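Numbering (my numbering), first residue to last: 4 to 106.
All C-beta atoms, glycine included, are put in the ideal place defined by N, C-alpha and C.
This one's a predicted model, so the numbers in the text were calculated from it and none came from an experiment.
Below is one structure, written out as structure tokens, with a few remarks after it.
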Amino acid sequence: GRWAMAATLLVLNLCDVVTTKLILGVGGSEANPMMAPIVEHPFAAYALKLSMALAVGFLLIQAPRTSRLADRAVLVTIAAYSLVICWNVGLLITAAHGGHAVF
Numbered sequence: 004g005r006w007a008m009a010a011t012l013l014v015l016n017l018c019d020v021v022t023t024k025l026i027l028g029v030g031g032s033e034a035n036p037m038m039a040p041i042v043e044h045p046f047a048a049y050a051l052k053l054s055m056a057l058a059v060g061f062l063l064i065q066a067p068r069t070s071r072l073a074d075r076a077v078l079v080t081i082a083a084y085s086l087v088i089c090w091n092v093g094l095l096i097t098a099a100h101g102g103h104a105v106f
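Next comes the structure, spelled out in structure tokens:
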């Protein structure tokens, strides 16, 4: 289960970068002030998200099997990233249909 959570976290991080870059491509902007200077670089955002996801995945896998705190924390993070990606996809769909999405 933890390997699947770690892999899911990795995929969601990369999907976040891809959807954010697509939003930037249609005139949007990065809402996270910490990521704003990084997301413009062709590879920096991918490298940062990949390293963060790998570090969290490593810590998750190393956590004691009886620790439910690690599992819950990663599940909350997965849910948060899922919501962010859904929001990003919604913005992209709105932009594709000529709507006035709030980026």
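CB of residue 27 within 8 Å of CB of residue 84, strictly: no
With a cut-off of 8 Å on the beta carbons, I'd call residue 12 and residue 79 a contact; round off their distance for me. With 8 Å as the limit, residue 12 and residue 79 do not qualify as a contact, their Cβ atoms being about 11 Å apart.
Measure from the alpha carbon of residue 21 to the alpha carbon of each residue in 43, 7, 6, then state which is nearest. Considering only alpha carbons, the answer is 43.
For residue 31, three-class secondary structure by DSSP: coil
State the DSSP-derived secondary structure class of residue 54, mapped to helix, strand or coil. Correct three-state label for residue 54: helix.
From residue 101 to residue 18, what distance separates their C-alpha atoms? 23 Å
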